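Structure, as structure tokens:
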Ligand code: FEO
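Below you can see the structure in the form of structure tokens.
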């Protein structure tokens with residue numbers, strides 16, 4: 256059985272994951288509008304992954320006899336100065352999500368809630384992968400992606416990554 260405090264914090268995390276999903280979906284619309292079709296596909300695929308992160312929390316709360324409550328969600332940013340600035344923002348956002356997961360892990364230790372601690376291990380691993388992925392994408396964009404040809408190559412690479420992760424999910 257979860258403490259009321261843990262239920263509140265897990266519900267807050269539902270909001271964080273949902274907002275991540277909406278943010279990446281909105282970013283995909285900006286990319287499509289600007290002609291970055293590969294980046295658009297990559298981000299819409301990633302938005303689906305974030306929705307899955309939200310659903311896992313939603314299901315876990317239900318399994319423990321608590322009620323999942325979806326909080327009010329903020330409106331995602333719609334305009335970006337560049338693809339590079341957008342990916343810098345994603346990396347910053349993922350670091351924020353990691354901090355939220357770490358807070359949940361700390362709380363589960365504090366409360367000796369080993370079921371939630373075990374559940375959260377998946378998110379710890381996932382955040383490590385996501386930070387590593389976006390950090391390497393930011394590096395690549397900074398290396399080659401600021402002019403026309405570089406941006407074209409980055410967009411193509413992101414399209415390939417989206418196709419690969421879609422293939423891995425099927
Ligand atoms: Fe679910 Fe990318 O954090």
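Residue numbers (my numbering): 256 to 425.
The beta-carbon is built from N, C-alpha and C at its ideal position, and this holds for glycine as well.
Since this is a predicted model, take the numbers as computed values, not measurements.
Quick one: residues in its chain with C-beta nearer than 7 Å to the C-beta of residue i, no 5 flanking neighbours on either side, listed in chain order?
i: residue 276; result: 302, 305, 306 and 309
i: residue 392; result: 342
i: residue 272; result: 305, 308, 309 and 312
i: residue 421; result: 300
Around the C-beta of residue i, are 16 or more other C-beta atoms found within 10 angstroms, so that it is buried, or is it exposed?
i: residue 300; result: buried
i: residue 403; result: exposed
i: residue 274; result: buried
i: residue 294; result: buried
i: residue 333; result: exposed
i: residue 398; result: exposed
i: residue 290; result: exposed
i: residue 297; result: buried
i: residue 377; result: exposed
i: residue 400; result: buried
i: residue 329; result: exposed
i: residue 325; result: exposed
Shorter than 7 Å, the distance from the beta carbon of residue i to the closest heavy atom of the ligand FEO, or not?
i: residue 383; result: no
i: residue 343; result: no
i: residue 272; result: yes
i: residue 275; result: yes
i: residue 334; result: no
i: residue 352; result: yes
i: residue 349; result: yes
i: residue 305; result: yes
i: residue 308; result: yes
Leaving out five residues on either side along the sequence, give the residues of the same chain with a beta carbon under 6 Å from the beta carbon of residue i.
i: residue 396; result: 339, 342 and 409
i: residue 315; result: 374
i: residue 349; result: 385, 386 and 389
i: residue 331; result: 277, 278 and 281
i: residue 321; result: 257 and 262
So, at 8 Å on beta carbons, what are the nonlocal neighbours of residue i in its own chain, with the 5 sequence-adjacent residues on each side left out?
i: residue 382; result: 349, 352, 353 and 356
i: residue 268; result: 312, 355, 356 and 359
i: residue 258; result: 366 and 368
i: residue 363; result: 261, 369, 371, 372 and 375
i: residue 418; result: 296
Secondary structure, alpha helix (DSSP H): runs of 4+ residues fully inside the stretch 352 to 412: 369 to 399
Let me know the alpha helix (DSSP H) ranges lying completely inside the stretch 276 to 322, each 4 residues or longer, listed in chain order. The alpha helix (DSSP H) runs of length 4 or more contained entirely in the stretch 276 to 322 are, from start to end of the chain, 292 to 318.
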